[in-house]
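J.: Protein chains in written order, with the working numbering: chain L, 4 to 201; chain P, 4 to 201; chain S, 4 to 201; chain E, 4 to 201.
Protein chains: 4
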Amino acid sequence: MAKEKLSSESSKNARELILETAAQVFADKGFDGARVDEIAAKAGIPKSLIYYHFKGKDQLLEELLEMFFKSYRNILREKSECGSGSSKYNKFLTEHSDLLRVVMIESLKKNTKIPTVFRIVEILLEFEKEIYGETDQNREEKHKRLVAEFFTSALPMAGFACYSDAWCDYFKVDKKELYADFADAMQKTHGEYHKKQE
Amino acid sequence: MAKEKLSSESSKNARELILETAAQVFADKGFDGARVDEIAAKAGIPKSLIYYHFKGKDQLLEELLEMFFKSYRNILREKSECGSGSSKYNKFLTEHSDLLRVVMIESLKKNTKIPTVFRIVEILLEFEKEIYGETDQNREEKHKRLVAEFFTSALPMAGFACYSDAWCDYFKVDKKELYADFADAMQKTHGEYHKKQE
Amino acid sequence: MAKEKLSSESSKNARELILETAAQVFADKGFDGARVDEIAAKAGIPKSLIYYHFKGKDQLLEELLEMFFKSYRNILREKSECGSGSSKYNKFLTEHSDLLRVVMIESLKKNTKIPTVFRIVEILLEFEKEIYGETDQNREEKHKRLVAEFFTSALPMAGFACYSDAWCDYFKVDKKELYADFADAMQKTHGEYHKKQE
Amino acid sequence: MAKEKLSSESSKNARELILETAAQVFADKGFDGARVDEIAAKAGIPKSLIYYHFKGKDQLLEELLEMFFKSYRNILREKSECGSGSSKYNKFLTEHSDLLRVVMIESLKKNTKIPTVFRIVEILLEFEKEIYGETDQNREEKHKRLVAEFFTSALPMAGFACYSDAWCDYFKVDKKELYADFADAMQKTHGEYHKKQE
DNA sequence: CATGAATGAGTCTTCATTCAT
DNA sequence: GATGAATGAAGACTCATTCAT
Numbered sequence: 004m005a006k007e008k009l010s011s012e013s014s015k016n017a018r019e020l021i022l023e024t025a026a027q028v029f030a031d032k033g034f035d036g037a038r039v040d041e042i043a044a045k046a047g048i049p050k051s052l053i054y055y056h057f058k059g060k061d062q063l064l065e066e067l068l069e070m071f072f073k074s075y076r077n078i079l080r081e082k083s084e085c086g087s088g089s090s091k092y093n094k095f096l097t098e099h100s101d102l103l104r105v106v107m108i109e110s111l112k113k114n115t116k117i118p119t120v121f122r123i124v125e126i127l128l129e130f131e132k133e134i135y136g137e138t139d140q141n142r143e144e145k146h147k148r149l150v151a152e153f154f155t156s157a158l159p160m161a162g163f164a165c166y167s168d169a170w171c172d173y174f175k176v177d178k179k180e181l182y183a184d185f186a187d188a189m190q191k192t193h194g195e196y197h198k199k200q201e
Numbered sequence: 004m005a006k007e008k009l010s011s012e013s014s015k016n017a018r019e020l021i022l023e024t025a026a027q028v029f030a031d032k033g034f035d036g037a038r039v040d041e042i043a044a045k046a047g048i049p050k051s052l053i054y055y056h057f058k059g060k061d062q063l064l065e066e067l068l069e070m071f072f073k074s075y076r077n078i079l080r081e082k083s084e085c086g087s088g089s090s091k092y093n094k095f096l097t098e099h100s101d102l103l104r105v106v107m108i109e110s111l112k113k114n115t116k117i118p119t120v121f122r123i124v125e126i127l128l129e130f131e132k133e134i135y136g137e138t139d140q141n142r143e144e145k146h147k148r149l150v151a152e153f154f155t156s157a158l159p160m161a162g163f164a165c166y167s168d169a170w171c172d173y174f175k176v177d178k179k180e181l182y183a184d185f186a187d188a189m190q191k192t193h194g195e196y197h198k199k200q201e
Numbered sequence: 004m005a006k007e008k009l010s011s012e013s014s015k016n017a018r019e020l021i022l023e024t025a026a027q028v029f030a031d032k033g034f035d036g037a038r039v040d041e042i043a044a045k046a047g048i049p050k051s052l053i054y055y056h057f058k059g060k061d062q063l064l065e066e067l068l069e070m071f072f073k074s075y076r077n078i079l080r081e082k083s084e085c086g087s088g089s090s091k092y093n094k095f096l097t098e099h100s101d102l103l104r105v106v107m108i109e110s111l112k113k114n115t116k117i118p119t120v121f122r123i124v125e126i127l128l129e130f131e132k133e134i135y136g137e138t139d140q141n142r143e144e145k146h147k148r149l150v151a152e153f154f155t156s157a158l159p160m161a162g163f164a165c166y167s168d169a170w171c172d173y174f175k176v177d178k179k180e181l182y183a184d185f186a187d188a189m190q191k192t193h194g195e196y197h198k199k200q201e
Numbered sequence: 004m005a006k007e008k009l010s011s012e013s014s015k016n017a018r019e020l021i022l023e024t025a026a027q028v029f030a031d032k033g034f035d036g037a038r039v040d041e042i043a044a045k046a047g048i049p050k051s052l053i054y055y056h057f058k059g060k061d062q063l064l065e066e067l068l069e070m071f072f073k074s075y076r077n078i079l080r081e082k083s084e085c086g087s088g089s090s091k092y093n094k095f096l097t098e099h100s101d102l103l104r105v106v107m108i109e110s111l112k113k114n115t116k117i118p119t120v121f122r123i124v125e126i127l128l129e130f131e132k133e134i135y136g137e138t139d140q141n142r143e144e145k146h147k148r149l150v151a152e153f154f155t156s157a158l159p160m161a162g163f164a165c166y167s168d169a170w171c172d173y174f175k176v177d178k179k180e181l182y183a184d185f186a187d188a189m190q191k192t193h194g195e196y197h198k199k200q201e
């Protein structure tokens, strides 16, 4: 079973295959719960190949996070450039929900001095203007916006990306219905907030 | 150093000490990252005492979660009974942020069929009437509300409880300021939503 | 076979058994060539017990060396106190030849900034007076003596302790004969040197 | 850094470069502590090139030892032919101290049935006549001499070659001073012995 | 002639858990 | 009621060696 993976994906190089598989396993079990053996087995490669390409389990995580934030920045750039709405953003989160999960799990650990999620805030900050238009607000205003953006927009959306599948399973609702209800809730809450700001 | 703990807290029985310490360590490192050895060391007791009182690491988690959801239900009951506002609720989350962290971390793992956070939704559901008044809405309406409540209220508040300290550290803001901004954001988003529902 | 060890030596505590066995294995294969598995097997205990008592393979070496130099100092003290001759010293080296081997092997590695053998010189230095009588020689004289003592006495004797068995095997000579010839050679070389000093 | 090696020494063929580098690394860490990877890295060549030229790590050691003993024999021949003193011999040992180290390290391992150092004795035996003149001594006399030669001459000299640098470092003495003191000690010990024999 | 990629058999170490007292 | 010692099953990582090109 695992072997199929190898043959069917042998086109892409081993490094990427490992990274992809690691993302899955990390999302499944969390970084600490993940086993290098499992990554290797799932990727259909010997464990030692992982150590040929990466320094260790840690590097796997690092590179994955780097990749995630790089594409997060890209999606935000695109969004601000072509004015594409939040549906694209939502799509991004859903497609990258594996890594999003990992980011959130690692960030929640108290001993993490700087939660990785804050890089999301940092990136949000970079695109301030595109999101809020040319503003010459002071630090306080800026912080207010950041807080609102992070806690009442980014977090719910990330939560949606991570929990929607399980929610549908558990509450026996259709994916479409959940999405509609979520979008509606977001509109009536965070959407309302943005309206107010104008 | 660890020994002080023992003497200063030896009044409370070992069982509770272990549970408390476990909560801390789980919050610090996540369940998978936590080591029974570390719990014992931090509690200043021999590791074997943990196995004397508990079946294993798993039981530690189970009991902790059970405790958390029991008090969560209590706080919701109080809230609905004496009509105390969300500040009390917020206080609860902050005080129990260690366990909240654990709940959220475990819930985020994809292989968790039923994310533990959903028990929050279940409990929310129990107090439906108290929160929304006597409603005879249909299933769809109920779901809509649940979605809104979970993703745009519970999640942001939980996130706030978990990240506020790190946020203050990282963005160099005062705890009061952050709380004020967060409360304001919640008011303008989820608060607005509740207004609409009337 | 390995199990016998456990039963026959279970009187002495595990820690010492491990240390003893480690000394043997280190002497056999050198520290780098030694396997923790082999130490455990030879001692008839599970590998994990080694890690219960010691931090790791390194600590095994450290403690062993510490022990060796401690008893080396003792033998020198005895020698200087009761004036017992070099035969006792020789006996000591022969009895501790396992650790002596380890010391010499590790010392020979070029990347060892401070060869452990030099601790022998240090200890020799401590017993200066006892060995050479009250001397008020200057630094140069002292150094001269140290060099002679180390290279033409300590080293040959250590070499004898390490190689005598193999020598007898290889050159088909009796242990007594070899010892007699060695003692004779030492007498005619280093012994002569000491005579000269008077 | 490693790359320079390649370019600056690419004249000499890879085989020799590998051998040279291996000698260094073996001397640094001992055979067991040495890593093929490190040899390759230090030589600035791909690891696989080592396996292209040699059967394995073992062969590297074998060839190196063979080379060492061959040149040892040569130096002894020269010495006996042109009557050049021990300074030339000493120079040889110093220049080949890397391999001498390896020989001594490997010889000290107890599980080595035949310590490689004994080849030194064998070679010494070959040049018996040149060293001691035409002698028709019996086996006992021969053995006596061999023992004296090995333990009170070869060993101290080898030790000097291996430890002199570290000694100077540690005891803060000049190389010249150490050499002078060592030569003096040798003269007063082993030198005295040879005088006696006449 | 040479090499980047790959690999299997180790090798050290960890950890949850149990045992004997 | 408590605990120091013990342990097996994994876990991360290493390393000499081989392969495909």
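Heads up, the beta-carbon is just placed ideally off N, CA and C, and yes, glycines get one too.
Compare the C-beta of Thr97 (chain E) with all C-beta atoms of chain S and state if any pair is closer than 7 Å.
T.: In the fourth sequence, counting from the first residue as 1, residue 97 (chain E) sits at position 94. No, Thr97 (chain E) lies away from the interface with chain S (no Cβ there is under 7 Å from its Cβ).
J.: Mind reading off the beta-carbon distance from Asp31 (chain S) to Asn114 (chain E)? Whole number of angstroms is fine, and I expect it under 8 Å.
T.: Indexing the third sequence from 1 puts residue 31 (chain S) at position 28. Indexing the fourth sequence from 1 puts residue 114 (chain E) at position 111. Rounded, the Cβ-Cβ distance is 4 Å, consistent with contact.
J.: Measuring only the C-alpha atoms, how far is Asp3 (chain E) from Ala186 (chain S)?
T.: Because chain E here runs from 4 to 201, residue 3 (chain E) falls outside it and cannot be looked at.
J.: Since Lys147 (chain P) and Glu195 (chain L) should fall inside the 8 Å C-beta cutoff, what is the C-beta to C-beta distance between them, to a whole number of angstroms?
T.: Here residue 147 (chain P) corresponds to residue number 144 of the second sequence, with the count starting at 1. Here residue 195 (chain L) corresponds to residue number 192 of the first sequence, with the count starting at 1. In fact, because the Cβ distance is near 16 Å, the residues do not count as touching under 8 Å.
J.: For chain L, is any of its Cβ atoms less than 7 Å away from the one on Glu125 (chain P)?
T.: Locating residue 125 (chain P) in the second sequence gives position 122, counting from the first residue. No, because no Cβ of chain L sits closer than 7 Å to the Cβ of Glu125 (chain P).
J.: Taking the alpha carbon of Ala26 (chain L) as the point to measure from, which residue in L:Ser83, L:Val105, L:Pro49, L:Leu52 has its own alpha carbon closest?
T.: Walking along the first sequence from the start, residue 26 (chain L) turns up at place 23. Measuring from the Cα of Ala26 (chain L), the nearest candidate turns out to be L:Val105.
J.: Grab the span of the alpha helix (DSSP H) containing Phe185 (chain S) for me, first residue to last.
T.: Position 182 of the third sequence, counted from the start, is the residue given in the question as residue 185 (chain S). Taken as a continuous stretch (DSSP letters only), the alpha helix (DSSP H) holding Phe185 (chain S) covers 178-189.
J.: In this structure, how does DSSP classify Ala37 (chain S) when only helix, strand and coil are distinguished?
T.: Walking along the third sequence from the start, residue 37 (chain S) turns up at place 34. If DSSP states are grouped into helix, strand and coil, Ala37 (chain S) belongs with coil.
J.: Quick check on DSSP: helix, strand or coil for Phe130 (chain E)?
T.: Walking along the fourth sequence from the start, residue 130 (chain E) turns up at place 127. Coil, per DSSP.
J.: Closer than 9 Å by beta-carbon distance: list the chain S residues that pair up with Asp61 (chain E), in chain order.
T.: Mapped onto the fourth sequence, residue 61 (chain E) falls at position 58. Under the 9 Å cutoff, chain S gives no residues; its nearest Cβ is about 13 Å from Asp61 (chain E).
J.: Can you tell me the Cα-Cα spacing of Phe71 (chain S) and Gly162 (chain S), whole angstroms?
T.: The sequence position of residue 71 (chain S) within the third sequence is 68, counting from 1. The sequence position of residue 162 (chain S) within the third sequence is 159, counting from 1. Rounded to whole angstroms, Phe71 (chain S) to Gly162 (chain S) spans 16 Å at the Cα level.
J.: So for Pro49 (chain P), helix, strand or coil by DSSP?
T.: As a position in the second sequence, residue 49 (chain P) is number 46, starting the count at 1. Correct three-state label for Pro49 (chain P): coil.
J.: Would you say Leu111 (chain P) lies against chain L (beta-carbon separation less than 7 Å)?
T.: Here residue 111 (chain P) is taken as the residue at index 108 of the second sequence, counted from 1. Closer than 7 Å: yes.
J.: Under the three-state reduction of DSSP, which class applies to Val105 (chain S): helix, strand or coil?
T.: Position 102 of the third sequence, counted from the start, is the residue given in the question as residue 105 (chain S). Here Val105 (chain S) sits in helix by DSSP.
J.: Within its chain, find whatever has a CB closer than 7 Å to the CB of Ala46 (chain S); leave out the 5 residues flanking it on each side and keep chain order.
T.: The residue labelled residue 46 (chain S) in the question sits at position 43 within the third sequence. The answer, listed in chain order, is Lys8, Leu20, Ile21, Thr24.
J.: Using a Cβ-Cβ distance cut-off of 7 Å, determine whether Asn114 (chain S) contacts chain E.
T.: Within the third sequence, the letter at position 111 stands for residue 114 (chain S). Judged by the 7 Å Cβ criterion, Asn114 (chain S) is in contact with chain E.
J.: Report the rounded CA-to-CA distance for Phe95 (chain E) versus Cys165 (chain E), giving the unit in angstroms.
T.: Against the fourth sequence, residue 95 (chain E) aligns to sequence position 92. Against the fourth sequence, residue 165 (chain E) aligns to sequence position 162. Straight-line Cα distance between these residues: approximately 12 Å.
J.: For Ala117 (chain E), return the contacting residues in chain S, with the cut-off set at a CB-CB distance below 9 Å.
T.: As a working mapping, residue 117 (chain E) is identified with position 114 in the fourth sequence. Checking the sequence, you will find Ile at residue 117 (chain E) rather than Ala. In chain order: Ala169, Asp172, Tyr173.
J.: Among E:Tyr173, E:Ser100, E:Met189, which one has its Cα closest to the Cα of Leu68 (chain E)?
T.: Taking the first residue of the fourth sequence as position 1, residue 68 (chain E) is located at position 65. Checked all of E:Tyr173, E:Ser100, E:Met189; the closest Cα to Leu68 (chain E) is E:Ser100.
J.: What are the boundary residues of the alpha helix (DSSP H) that His193 (chain S) is part of?
T.: As a working mapping, residue 193 (chain S) is identified with position 190 in the third sequence. Counting along the chain, His193 (chain S) falls outside any alpha helix (DSSP H), and DSSP gives it neither H nor E.
J.: Starting from Phe57 (chain L), trace the alpha helix (DSSP H) both ways and give me its first and last residue.
T.: Translated into positions along the first sequence, residue 57 (chain L) becomes position 54. Careful: Phe57 (chain L) lies outside any alpha helix (DSSP H) and carries neither H nor E.
J.: How many angstroms separate the CA atom of Ile48 (chain P) from the CA atom of Phe174 (chain L)?
T.: Position 45 of the second sequence, counted from the start, is the residue given in the question as residue 48 (chain P). Position 171 of the first sequence, counted from the start, is the residue given in the question as residue 174 (chain L). Going by the C-alpha atoms only, they are around 43 Å apart.
J.: Can you find a C-beta in chain S that's less than 7 Å from the C-beta of Pro159 (chain E)?
T.: By 1-based counting over the fourth sequence, the position of residue 159 (chain E) is 156. Yes, its Cβ sits closer than 7 Å to a Cβ of chain S.
J.: Quick one: is Ser156 (chain P) buried, meaning 16 or more other Cβ sit within 10 Å of its Cβ, or exposed?
T.: Residue numbering aside, residue 156 (chain P) sits at position 153 when the second sequence is read from its first letter. Per the 10 Å Cβ criterion, buried.
J.: Does the beta carbon of His56 (chain S) sit closer than 7 Å to a beta carbon anywhere in chain E?
T.: For the purposes of this step, residue 56 (chain S) is identified with residue 53 of the third sequence, where counting begins at 1. Judged by the 7 Å Cβ criterion, His56 (chain S) is not in contact with chain E.
J.: Give me the Cα-Cα distance between Asn202 (chain E) and Phe154 (chain E), rounded to the nearest whole angstrom.
T.: Residue coverage of chain E in this structure runs from 4 to 201, which leaves residue 202 (chain E) outside it and unanswerable.
J.: Chain P partners of Leu181 (chain L), CB-CB under 9 Å?
T.: Within the first sequence, numbered from 1, the residue matching residue 181 (chain L) stands at position 178. Within 9 Å Cβ-Cβ: His146, Val150.
J.: Can you look up Thr97 (chain L) in the DSSP assignment and give me helix, strand or coil?
T.: Working through the first sequence from its first residue, we reach residue 97 (chain L) at position 94. In the structure shown, Thr97 (chain L) sits in a helix (DSSP, three-state: H, G or I).
J.: Counting only beta-carbon atoms, is Phe29 (chain P) nearer than 7 Å to chain L?
T.: Position 26 of the second sequence holds residue 29 (chain P). For Phe29 (chain P), the answer is no, since every Cβ of chain L falls outside 7 Å of its Cβ.
J.: Applying the 10 Å Cβ sphere with the 16-neighbour rule, what's the burial state of Ser90 (chain P)?
T.: Stepping through the second sequence from its first residue, residue 90 (chain P) is reached at position 87. That one is exposed.
J.: Nearest-angstrom Cα distance between Cys85 (chain L) and Leu79 (chain L)?
T.: Indexing the first sequence from 1 puts residue 85 (chain L) at position 82. Indexing the first sequence from 1 puts residue 79 (chain L) at position 76. Their backbone Cα atoms lie some 10 Å apart in a straight line.
J.: Which value, in whole angstroms, describes the spacing of the CA atoms of Ala188 (chain P) and Glu180 (chain P)?
T.: Within the second sequence, numbered from 1, the residue matching residue 188 (chain P) stands at position 185. Within the second sequence, numbered from 1, the residue matching residue 180 (chain P) stands at position 177. Rounded to the nearest angstrom, the two C-alpha atoms are 12 Å apart.
J.: If you follow the alpha helix (DSSP H) that Pro159 (chain S) is in, where does it begin and where does it stop?
T.: Working through the third sequence from its first residue, we reach residue 159 (chain S) at position 156. Counting along the chain, the alpha helix (DSSP H) containing Pro159 (chain S) begins and ends at 158-174.
J.: Rounded to the nearest angstrom, what separates Val28 (chain P) and Ala37 (chain P) at their Cα positions?
T.: What you label residue 28 (chain P) is simply residue 25 of the second sequence in a count that begins at 1. What you label residue 37 (chain P) is simply residue 34 of the second sequence in a count that begins at 1. Approximately 6 Å, taken between the alpha carbons.
J.: Roughly how many whole angstroms lie between the Cα atoms of Ser11 (chain P) and Lys50 (chain P)?
T.: Here residue 11 (chain P) is taken as the residue at index 8 of the second sequence, counted from 1. Here residue 50 (chain P) is taken as the residue at index 47 of the second sequence, counted from 1. For Ser11 (chain P), the predicted structure reports a pLDDT of 44, less than 50, and the residue's modelled location is therefore unreliable. A value from the coordinates is still provided. Using only the alpha carbons, I get a separation of about 19 Å.
J.: Helix, strand or coil, according to DSSP, for Val28 (chain S) in the structure here?
T.: Here residue 28 (chain S) refers to the residue found at position 25 of the third sequence. Residue state, collapsed to three classes: helix.
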